[in-house]
Structures are given as C-alpha cells and as structure tokens.
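Student: A single structure is presented below for examination.
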Amino acid sequence: MSLVAVLPVKRFAKAKARLADDGLSPGQRLAIATGMLSDVLAALRRCELVDDIVVVTSEPGAEALARGAGAQVIADQPQDGHSEAAKRGIDWAVEDGAFHTLLIAGDVPAIDPGELDLMIESLADDNELVIIPDRHGSGTNALFLTPADAITPSFGEGSLERHRQIAEAEGVTVRVVESGALGLDVDTSEDLDALQAALEQRDNSVAPYTRAVIGRLGPR
300 MSLVAVLPVK RFAKAKARLA DDGLSPGQRL AIATGMLSDV LAALRRCELV DDIVVVTSEP
360 GAEALARGAG AQVIADQPQD GHSEAAKRGI DWAVEDGAFH TLLIAGDVPA IDPGELDLMI
420 ESLADDNELV IIPDRHGSGT NALFLTPADA ITPSFGEGSL ERHRQIAEAE GVTVRVVESG
480 ALGLDVDTSE DLDALQAALE QRDNSVAPYT RAVIGRLGPR
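Residue numbers (the numbering used here): 300 to 519.
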C-alpha cells in the first residue's frame with residue numbers, strides 16, 4: 300500500500316512575509332524558506348515508507364530543489380492557495396495509485412524520518428485522517444489521508460478543527476497525533492526561536508540547511 304508525500308510550496312517572494320515585520324530582509328526570508336524546504340525534502344527521502352514525493356509549486360527555485368531531490372513536480376497556478384495546491388497533489392497521488400497521501404508543510408525542517416515511518420506503520424487500512432498539529436495546537440502541519448483522497452483539505456487559521464469537522468462529516472475516523480518535530484513550523488520570529496532552541500537539543504545532522512541559515516542570521 301503505497302504512500303505519496305505532497306508538499307504545496309508557495310512563491311518564495313511571498314514566503315515568510317510575517318518575518319519581515321521582525322526585520323528580516325527579503326534575502327534572509329528566501330534563505331530560510333529554501334533551507335527549510337531542502338531539509339524537508341532530504342528527510343522525506345530518508346523515510347523508508349514514503350514511496351514518492353511530489354512538490355506542487357509555481358516557484359522555479361522550489362522546482363529546482365524538488366528535482367534535485369528526486370521529487371516529482373506539479374505546476375500550480377500563482378493565485379492558488381495552499382489548499383488548492385494540496386488538492387492538485389492529492390489528485391496526482393490518486394492517479395499514481397497511492398493508497399495513502401501525506402500532506403506536509405515545507406517549513407518543518409526538524410522532521411524525524413524514523414518518527415514519520417512509525418506514523419506510517421500505524422496508519423489504518425480504511426477511512427482515516429491523521430492530523431499533526433502545529434505547536435500552538437490550532438493549525439495543521441501534516442495530514443495523513445487514507446484513502447489518498449479521504450477529504451478535501453482546508454488549510455489556514457484554525458485548520459485543525461476544520462479538518463476534524465470535514466472528516467467527521469464524511470464519516471472518516473480522525474486521530475490527532477502531536478509531534479515535537481513536525482509541530483515546529485516557522486511563520487514568526489517566535490517560531491524561529493522555538494525551532495532554533497529545539498535544534499540545539501538535537502544532533503547536528505538534523506536540519507543542516509536550516510541550521511546554516513539561522514547561524515548566518517546572527518543575534519535577533
């Protein structure tokens with residue numbers, strides 16, 4: 300029973316816009332976005348139970364990183380939001396014969412391949428949605444869909460509860476699984492500080508690209 304990982308990636312020019320409020324330059328925000336995506340792609344490649352990776356994007360830089368990591372690339376439309384891009388990836392996974400789909404954010408660089416494989420091993424054989432929340436407990440950093448098109452995703456503020464409601468309306472069993480690694484996405488300087496603190500407790504092999512970028516930022 301195969302699993303396809305889907306990463307919707309927005310244009311880098313729009314990425315991490317909230318970090319601009321904290322004084323990070325466009326170049327610094329670009330470096331953070333590309334570093335995190337590089338780490339996520341590398342970690343997914345190390346997962347034994349991820350059969351394929353597809354990046355949905357209209358960003359040339361993200362496409363180059365994806366192809367360099369051996370991932371498939373689907374073009375989205377620049378006006379598409381995260382949910383629309385995710386749906387394009389789901390459709391591709393279904394056509395590819397996937398039984399499970401993993402929708403995962405491109406800004407969770409502390410991802411642990413071993414932990415992810417254990418999550419995949421625990422997936423049900425029928426009608427299940429597994430939600431991995433952000434560290435605040437309200438957003439969604441990853442979704443496991445069984446079957447691969449179990450629901451139509453709806454990301455954005457408050458998406459955890461929204462995904463729960465969508466699944467229950469479709470008769471799909473819901474599990475919420477917290478993960479210290481997958482919960483660490485980056486939208487604000489506080490998120491970046493939380494990620495940095497977590498990485499200081501992890502082996503240096505975790506998120507090397509993001510570590511390098513954070514190191515170049517210096518004191519904030």
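C-beta atoms are modelled at their ideal positions from N, C-alpha and C, and glycine is treated no differently. Everything numeric in this text was worked out from a predicted model, so none of it was measured.
Output yes or no for whether 7 Å exceeds the beta carbon distance between I431 and L481.
Tutor: On the sequence shown, residue 431 is found 132 positions in, with the first residue counted as 1. On the sequence shown, residue 481 is found 182 positions in, with the first residue counted as 1. Result yes, Cβ atoms of I431 and L481 sit closer than 7 Å.
Student: Could you please give the first and the last residue of the uninterrupted alpha helix (DSSP H) stretch that includes H435?
Tutor: By one-based count along the sequence shown, residue 435 stands at place 136. Premise fails: H435 is in no alpha helix (DSSP H) and is neither H nor E.
Student: What's the gap between the Cα of A312 and the Cα of A363?
Tutor: Translated into the one-based positions of the sequence shown, residue 312 becomes position 13. Translated into the one-based positions of the sequence shown, residue 363 becomes position 64. Their backbone Cα atoms lie some 16 Å apart in a straight line.
Student: Rounded to whole angstroms, how far is the Cβ of P408 from the Cβ of D338, which I believe are closer than 8 Å?
Tutor: Reading the sequence shown from its first residue, position 109 is the one you call residue 408. Reading the sequence shown from its first residue, position 39 is the one you call residue 338. That belief holds up - the Cβ atoms of P408 and D338 are roughly 4 Å apart, short of 8 Å.
Student: Tell me which residues share the same chain as D321 and place their Cβ nearer than 6 Å to its Cβ, disregarding the 5 neighbours each side in the sequence.
Tutor: Against the sequence shown, residue 321 aligns to sequence position 22. Result list for D321: S488, in chain order.
Student: Taking the straight line between their C-alpha atoms, what separation do you get for A319 and G457?
Tutor: Taking the sequence shown and counting its residues from 1, the one referred to as residue 319 is at position 20. Taking the sequence shown and counting its residues from 1, the one referred to as residue 457 is at position 158. Their Cα atoms are separated by approximately 23 Å.
Student: Looking at the unbroken beta strand (DSSP E) that takes in R310, where does it start and where does it end?
Tutor: Along the sequence shown, one-based indexing puts residue 310 at 11. Premise fails: R310 is in no beta strand (DSSP E) and is neither H nor E.
Student: Let's test the definition: count the other Cβ atoms within 10 Å of the Cβ of P307 and tell me whether it reaches 16, buried, or not, exposed.
Tutor: As a position in the sequence shown, residue 307 is number 8, starting the count at 1. Burial call: buried.
Student: So, helix, strand or coil for I410, using DSSP?
Tutor: In the sequence shown, the residue the question calls residue 410 occupies position 111. Reduced to three states, the DSSP call for I410 is coil.
Student: Where Q378 and P359 are concerned, what is the direct C-alpha to C-alpha distance, given to the nearest angstrom?
Tutor: Translated into the one-based positions of the sequence shown, residue 378 becomes position 79. Translated into the one-based positions of the sequence shown, residue 359 becomes position 60. One C-alpha to the other measures close to 15 Å.
Student: Suppose the cutoff is 7 Å on Cβ atoms and the five residues either side in sequence are ignored; what does the same chain contact list for D411 look like?
Tutor: Residue mapping note: residue 411 aligns to position 112 of the sequence shown, counting from 1. A480, listed in sequence order.
Student: Taking only the alpha-carbon atoms, compute the straight-line gap between A305 and G517 and give it to the nearest angstrom.
Tutor: Taking the sequence shown and counting its residues from 1, the one referred to as residue 305 is at position 6. Taking the sequence shown and counting its residues from 1, the one referred to as residue 517 is at position 218. The question names Ala, but residue 305 in the sequence shown is Val. Spanning the two alpha carbons is a distance of roughly 32 Å.
Student: Does S324 pass the burial test, meaning 16 or more other C-beta atoms within 10 Å, or should it be called exposed?
Tutor: The residue labelled residue 324 in the question sits at position 25 within the sequence shown. When all chains shown are included, S324 counts as exposed.
Student: Drop a sphere of 10 angstroms on the beta-carbon of A316, count the other beta-carbons inside from all chains shown, and report buried for 16 or more, exposed for fewer.
Tutor: Taking the sequence shown and counting its residues from 1, the one referred to as residue 316 is at position 17. Under this definition A316 is an exposed residue.
Student: Reducing DSSP to helix, strand and coil, say where V393 ends up.
Tutor: Within the sequence shown, the letter at position 94 stands for residue 393. Looking at V393 - three-state DSSP - the assignment turns out to be helix.
Student: How would you label E347, buried or exposed, when you count the other beta carbons within 10 angstroms and need 16 or more for buried?
Tutor: For the purposes of this step, residue 347 is identified with residue 48 of the sequence shown, where counting begins at 1. Exposed, since its Cβ has fewer than 16 Cβ neighbours within 10 Å.
Student: Going by the beta-carbon positions, is the gap between F454 and S382 smaller than 7 Å?
Tutor: In the sequence shown, residue 454 corresponds to position 155, counting from 1. In the sequence shown, residue 382 corresponds to position 83, counting from 1. In this structure, S382 lies closer than 7 Å to F454 by Cβ.
Student: Would you identify the three-state DSSP class for E499, choosing helix, strand or coil?
Tutor: As a first step, residue 499 must be located in the sequence shown, where it is residue number 200. E499 falls in the helix class under three-state DSSP.
Student: Taking the Cβ atom as the reference point for each residue, do V555 and D406 lie within a distance shorter than 7 Å?
Tutor: Here the chain comprises residues numbered 300 to 519, so residue 555 is not present and cannot be evaluated.
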